[in-house]
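Numbering (our numbering), first residue to last: 183 to 768.
C-beta atoms are modelled at their ideal positions from N, C-alpha and C, and glycine is treated no differently.
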RNA sequence: GGGCUCAUAGCUCAGUGGAUAGAGCAACCGCCUUCUAAGCGGUCGGUCACAGGUUCGAGUCCUGUUGAGCCCGCCA
């Protein structure tokens, strides 16, 4: 199905040429959704933009254009309003046809992109030698969402986690492993060392209090980089332990599996990267370090800022690894678009490595490397979210608390309503609502700004929250239960008829899904999808309030059932693209 | 000193160069003998930080000012 706006655009382009000549073939019709429902569904602002070029008043231009415009298949006759807006209102019959074709389409009218790209989304990319905390929330949630959306619209998506699995912090963990589980090093079977966070805390405590331990840790780093076999084995055990431990939280959060390709993966390529930069004449030695001097970046003294790719001690750093990853993703992975959903504080870093990647000839005009930055998670005081003792809040605790809040709300309601529910039901609803609320709160705000984390707000039953949307979905399921409706078998002659205002408003919104997804796939701003789903829930609730479904006469009853069905499927699909589950009852 | 991001209703936030700047929360007023109240309708609430500029048209683009956050040489 071709999106309505795309079809209208073609008609406007034809009309521009027919009315004003072939030199207007490239003129954009400036077609956008109407700013106000009173003006119809779409509006073209092109007439005003052509006043100078044509030397005529905009209303006259609009009239001439409309005379050559053929949109009778879609719209009632266009109206010219204000200074020269061309307002378009879709015909109910057109909307009915579109909805009828969507009803039997599992993709709800969203056609896969004609030219799929190979896309790499680099997330959640945490550092292994740390306990998972609130700072790990956004990259996982946003990265997962972006990957799901791009995949759904038809791209070939690879999720790659560029985990920090190399470097100095590992010494501490390896040294601790040696002390506490020496048998792990000689044993070929994998050992269950229990919880990583306990292991990490013990190691950290040793490191902070024991000078001898610190020395062993430092030695371990040297041995690791020298390729000592036993140390490598210890390193591998720590990586696996970490990966398993992280996976538990990702599973709880509903983050789909991704490939782990950490910094260590690029170790063999680092000398080549530096060598290639040298060959390109980009490398300068400064204070013993090998650097690329950046264009447009200066230090505090106003001198060009270097990007250090090899330290004076011969070691490499994260910039080198990131450059190696850029090179590998272009040359081996053949990626056409590489997306980094990473905190805004690394904006400079990405601008720098992308610049060097371009100057080195790895990033060409055929590939797009894009940093999708996001803001911080703040506490309700507007400061960085921390525990009372000033530490970052462990992610596990944060999620468990969200689930506990959701459970408390649910239990209160069950009691008030005198319902009887099983423990399994309560547990599942609390989990879906709690996790969904955390993810929705994160995704529903403009990605680039900081956001304030509040259990009360994200779990509120009214407003732009996960529970509100889940409830809209549950309402449809309530209708099908009550009426014993099987939405998959409404009959071959089931048709949609749009008569009442709330039906038309809902129908128009349902048909905008492709436009919204195309936009999000381009701009990587999931809050636009959230906004769409919130408005859909509102419009459904208005329909539900004013248009009886089960009690309506046929064929209206079936028509309204179809609207309910498409709404529920759109909500389910939209929420699944955000990584949020739905519930049949709550 | 330089760079990036941000400043919109009491609060939290949307807003794609277009018409009268929108939601939610809070406050106040209504609506359950109805498939439905975790819902719906309504009222109140604005110098879009400030000053210029570009444009037929600026919350949106440009310049400057003020304020906030983040970053700026061998950590990632």
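Nonlocal neighbours in the same chain, by C-beta distance under 6 Å from residue i, ignoring five residues either side
{"i": "residue 628", "result": "709"}
{"i": "residue 534", "result": "476, 489"}
{"i": "residue 209", "result": "198"}
{"i": "residue 253", "result": "193"}
{"i": "residue 303", "result": "325, 328, 329, 341, 521"}
{"i": "residue 544", "result": "508, 509, 512"}
{"i": "residue 635", "result": "559, 567"}
{"i": "residue 549", "result": "512, 518"}
{"i": "residue 614", "result": "763, 765"}
{"i": "residue 398", "result": "357"}
{"i": "residue 479", "result": "487"}
{"i": "residue 716", "result": "646"}
{"i": "residue 201", "result": "246, 247, 250"}
{"i": "residue 620", "result": "584"}
Residue i, DSSP secondary structure in three states
{"i": "residue 472", "result": "strand"}
{"i": "residue 503", "result": "helix"}
{"i": "residue 443", "result": "coil"}
{"i": "residue 560", "result": "strand"}
{"i": "residue 291", "result": "coil"}
{"i": "residue 541", "result": "helix"}
{"i": "residue 677", "result": "coil"}
{"i": "residue 296", "result": "coil"}
{"i": "residue 547", "result": "coil"}
{"i": "residue 730", "result": "coil"}
{"i": "residue 633", "result": "strand"}
{"i": "residue 420", "result": "helix"}
{"i": "residue 198", "result": "helix"}
{"i": "residue 591", "result": "helix"}
{"i": "residue 309", "result": "strand"}
{"i": "residue 760", "result": "coil"}
{"i": "residue 386", "result": "helix"}
{"i": "residue 690", "result": "helix"}
{"i": "residue 239", "result": "coil"}
{"i": "residue 461", "result": "helix"}
{"i": "residue 642", "result": "coil"}
One or two residues paired with residue i in a DSSP bridge
{"i": "residue 255", "result": "Per DSSP, none; premise fails for residue 255."}
{"i": "residue 552", "result": "521"}
{"i": "residue 490", "result": "473"}
{"i": "residue 480", "result": "486"}
{"i": "residue 466", "result": "473"}
{"i": "residue 343", "result": "442"}
{"i": "residue 263", "result": "267"}
{"i": "residue 739", "result": "According to DSSP, which records beta bridges pairwise, residue 739 is partnered with nothing at all."}
{"i": "residue 315", "result": "576"}
{"i": "residue 566", "result": "560"}
{"i": "residue 338", "result": "300"}
Residue interval of the alpha helix (DSSP H) (run including residue i)
{"i": "residue 360", "result": "351 to 362"}
{"i": "residue 615", "result": "605 to 625"}
{"i": "residue 400", "result": "393 to 408"}
{"i": "residue 235", "result": "233 to 236"}
{"i": "residue 767", "result": "Premise fails: residue 767 is in no alpha helix (DSSP H) and is neither H nor E."}
{"i": "residue 146", "result": "This structure leaves residue 146 out entirely; the chain is present only between 183 and 768."}
{"i": "residue 653", "result": "648 to 665"}
{"i": "residue 769", "result": "The requested residue 769 does not occur in the structure, where the chain is confined to residues 183 to 768."}
Own chain, CB closer than 7 Å to residue i, minus 5 neighbours either side, in chain order
{"i": "residue 245", "result": "262"}
{"i": "residue 216", "result": "222, 223, 224, 225, 269"}
{"i": "residue 307", "result": "321, 343, 344, 345"}
{"i": "residue 650", "result": "643, 644, 719"}
{"i": "residue 337", "result": "295, 298, 299, 301"}
Sequence-distant residues of its chain with Cβ nearer than 8 Å to residue i (five each side left out)
{"i": "residue 239", "result": "233, 266"}
{"i": "residue 631", "result": "557"}
{"i": "residue 575", "result": "315, 316, 567, 568, 569"}
{"i": "residue 441", "result": "340, 341, 342, 343"}
Where the beta strand (DSSP E) through residue i begins and ends
{"i": "residue 224", "result": "224 to 226"}
{"i": "residue 213", "result": "213 to 215"}
Three or more beta-carbon pairs under 8 Å between the stretch 516 to 531 and the stretch 555 to 564, yes or no?
yes
Three Cβ pairs or more, each shorter than 8 Å: is that satisfied between the stretch 337 to 345 and the stretch 562 to 576?
no
Is it a yes or a no for the stretch 719 to 732 touching the stretch 745 to 753, going by three-plus beta-carbon pairs under 8 Å?
yes
Would you call the stretch 542 to 556 in contact with the stretch 318 to 331, where contact means no fewer than 3 C-beta pairs closer than 8 Å?
yes
Check whether the stretch 649 to 660 touches the stretch 353 to 367, counting contact only when three or more Cβ pairs, one atom from each stretch, lie closer than 8 Å.
Of all C-beta pairs linking the stretch 649 to 660 to the stretch 353 to 367, fewer than three are shorter than 8 Å, placing the two stretches out of contact.
With three or more C-beta pairs closer than 8 Å as the rule, is the stretch 379 to 394 touching the stretch 428 to 446?
A contact is defined here as three or more CB-CB pairs under 8 Å, and the stretch 428 to 446 fails this definition with respect to the stretch 379 to 394.
Any chance the stretch 276 to 296 sits against the stretch 675 to 691, with 3 or more Cβ pairs inside 8 Å?
As far as the Cβ criterion goes, the stretch 276 to 296 touches the stretch 675 to 691, which means the pair count is three or higher.
Three or more C-beta pairs under 8 Å: does that hold for the stretch 495 to 508 against the stretch 452 to 464?
yes
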